[in-house]
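Every position in the sequence shown, counted from 1, becomes a number in my numbering once 991 is added. What follows is a set of notes on a single structure, which appears directly below.
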Amino acid sequence: QQGVYELQQVADGLVAEAETNGCLRLATADDYYLVRDWAQQFQHEAVGDDDREAAHLMVAQFVQNQELYLWEESGQPVTMAAKLRPTPHGIAVGMVFTPSDKRRHGYACRCVATLSQQLLDEGRQFCTLLTDLSNPTSNRLYQRIGYRHVADLHEYLL
């Protein structure tokens, strides 16, 4: 089950704090193999999908369209996130992934907070994201940033 979250303002001080520890940057062609591997891991963990070809194509498109971002600390990429599904007033943040050996250091929080603020600064009125409601860690993280739970998604098979 997934939750829909919306953000209109990033929590005070979070971006300034994040930027003292690292930086957000666009993924480039030089990052392709790294983000391809991360995308495969994300797809496997998030939806149980092991379609490597689909992950490769998705990453290539995200990089080409300048939609995939990396959070770097000490010059090394540690987390990725993408901007998705733009509308006239809002945009989604998704594909948030931190490799298992880099988790529990706040990288995803800093990445999502900074990317969300950047998207708001570019003129979006709000950002959205989908979460796995069975993952309390990610749900707390997004709420700390300023995202609020607005709906649940349910899948019905007919």
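By construction, the Cβ of each residue, glycine as well, lies at the ideal position given by its N, Cα and C atoms. Note that this is a predicted model, so its numbers are computed, not measured.
Where residue i falls: helix, strand or coil (DSSP)
i	result
THR1122	strand
THR1078	coil
ALA1018	coil
TYR996	strand
THR1070	strand
Host alpha helix (DSSP H) of residue i (start-end)
i	result
VAL1050	1043-1055
GLU1063	First-last for GLU1063: 1059-1064, but that is the beta strand (DSSP E), not the alpha helix (DSSP H).
ASP1147	Reading the sequence as shown, one finds Tyr at residue 1147 and not Asp. Run containing TYR1147: none; DSSP gives neither H nor E here.
ASP1003	That residue, ASP1003, is in no alpha helix (DSSP H); it is neither H nor E in DSSP.
GLU1113	First-last for GLU1113: undefined, no H or E at that position.
Alpha carbon of residue i to alpha carbon of residue j, nearest angstrom
i	j	result
LEU1148	SER1107	33 Å
PHE1053	ALA1046	10 Å
SER1091	ASN1126	15 Å
LYS1074	GLY1039	22 Å
GLY1085	ASP1042	18 Å
TYR996	ARG1115	15 Å
LYS1093	ASN1056	27 Å
SER1065	GLY1013	7 Å
ASP1151	ALA1009	Because the chain spans 992 through 1149 in this model, residue 1151 falls outside it and cannot be assessed.
LEU1120	ALA1083	5 Å
Boundaries of the beta strand (DSSP E) in which residue i is found, first to last residue
i	result
ALA1142	1139-1144
Neighbour-count burial assignment, residue i, 16 or more Cβ in a 10 Å radius
i	result
GLN1034	buried
LEU1144	exposed
VAL1103	buried
GLN1031	buried
ARG1101	buried
PRO1068	buried
Short CB-CB distance (under 8 Å) between residue i and chain C
i	result
ARG1101	Here there is only one protein chain, and chain C is not present.
Inset, instruction - Indicate whether the contact test is met: 3 or more Cβ pairs, each with one atom in the region 1019-1029 and one in the region 1106-1116, closer than 8 Å. - result: The region 1019-1029 vs the region 1106-1116: no contact.
Legend entry - At least three beta-carbon pairs within less than 8 Å, the region 994-1005 to the region 1128-1136: Below 8 Å, enough C-beta pairs join the region 994-1005 and the region 1128-1136 to call them touching: three or more.
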